[in-house]
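Q: Just dropping this structure here.
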Amino acid sequence: GARRLHLDGHWRFANRQKVHVAMFGASHERSTNLEGDIVWGNEMFPANARVNSDFNFDILEVAYEYAILRGKKHELNGSLGLHYLTSEASLEAHAESSGGTLTEDISETARLDAPLPVIGLGGVLSLRNDFWIDASAQFFALSINGYDDYLQNYRASLTWQPRSWLGIRVGFNYFEIDLDADKEDFDGALDWSYRGPLVFYRASF
Numbered sequence: 016g017a018r019r020l021h022l023d024g025h026w027r028f029a030n031r032q033k034v035h036v037a038m039f040g041a042s043h044e045r046s047t048n049l050e051g052d053i054v055w056g057n058e059m060f061p062a063n064a065r066v067n068s069d070f071n072f073d074i075l076e077v078a079y080e081y082a083i084l085r086g087k088k089h090e091l092n093g094s095l096g097l098h099y100l101t102s103e104a105s106l107e108a109h110a111e112s113s114g115g116t117l118t119e120d121i122s123e124t125a126r127l128d129a130p131l132p133v134i135g136l137g138g139v140l141s142l143r144n145d146f147w148i149d150a151s152a153q154f155f156a157l158s159i160n161g162y163d164d165y166l167q168n169y170r171a172s173l174t175w176q177p178r179s180w181l182g183i184r185v186g187f188n189y190f191e192i193d194l195d196a197d198k199e200d201f202d203g204a205l206d207w208s209y210r211g212p213l214v215f216y217r218a219s220f
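The number in the numbering used here is simply the position in the sequence shown, starting from 1, with 15 added.
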């Protein structure tokens with residue numbers, strides 16, 4: 016099975032300044048019979064073994080935003096922030112369900128934690144009848160201290176907010192991360208992307 020979770024919000028603490036916080040998470044579980052041998056960490060998973068895989072991916076984003084342009088019906092923001100990535104992948108195989116290819120249960124887990132700074136640009140435009148359009152783009156690329164990172168995040172949405180406590184937002188999000196790490200606790204690559212619709216309930220305080 017799979018799950019995805021996305022929460023976000025912001026706090027405007029000055030006329031042109033605000034803090035944006037977002038959380039994004041995804042997980043995926045799968046069970047399959049291997050067509051060939053796989054070496055994962057310190058374990059070798061043989062062909063025909065029944066393997067259960069579990070992948071978890073979570074990002075916490077905190078960003079400072081400054082309104083370069085701000086009017087009653089529009090706003091253009093520049094942002095500087097940090098995505099903190101936590102990713103964990105595991106494989107396990109049980110001897111009883113592996114058709115004699117294993118004499119004992121085996122499992123292996125790899126974990127990666129990485130801070131990824133980003134820069135971005137976003138805007139909001141007011142339409143008639145309590146409708147708003149907003150869009151944002153964030154980008155980061157750097158090779159340093161055992162990491163070779165690339166991240167891009169694009170979002171666009173339409174919000175209908177007839178009351179401060181009632182708002183419905185529908186939009187589209189494209190997120191891609193490509194990270195190569197040469198670290199003691201993780202030596203490998205993470206290449207993951209998501210593209211799809213978003214639906215939010217929105218409230219203002």
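Idealized CB from N, CA, C, for every residue including glycine.
Give the DSSP-derived three-state secondary structure of residue 64 in the structure shown.
A: Taking the sequence shown and counting its residues from 1, the one referred to as residue 64 is at position 49. The answer is coil: DSSP assigns residue 64 none of H, G, I, E or B.
Q: Quick one: grab the DSSP three-state call for residue 156.
A: Locating residue 156 in the sequence shown gives position 141, counting from the first residue. DSSP places residue 156 in strand when its eight states are reduced to three.
Q: Does any CB atom of chain D fall closer than 8 Å to the CB of residue 47?
A: Checking the listed chains, one finds no chain D in this structure; it contains a single protein chain.
Q: Decide if residue 54 is buried, meaning its Cβ has at least 16 other Cβ atoms within 10 Å, or exposed.
A: As a first step, residue 54 must be located in the sequence shown, where it is residue number 39. Under this definition residue 54 is an exposed residue.
Q: Who are the Cβ neighbours of residue 183 in its own chain at under 6 Å, not counting the five residues just before and after it?
A: As a position in the sequence shown, residue 183 is number 168, starting the count at 1. Around residue 183: 175.
Q: Got a sec? Which residues, its chain only, sit under 7 Å from residue 156 by beta carbon, not counting five neighbours each side?
A: Along the sequence shown, read from residue 1 onward, the residue named residue 156 stands at position 141. 164 and 165, listed in sequence order.
Q: Starting from the N-terminal side, write out each stretch of the beta strand (DSSP E) that is 3 residues or longer and does not extend beyond the stretch 169-218.
A: 181-197 and 202-217
Q: Roughly how many angstroms lie between the CA atoms of residue 132 and residue 113, to the nearest whole one?
A: Position 117 of the sequence shown, counted from the first residue, corresponds to residue 132. Position 98 of the sequence shown, counted from the first residue, corresponds to residue 113. C-alpha separation (whole angstroms): 44 Å.
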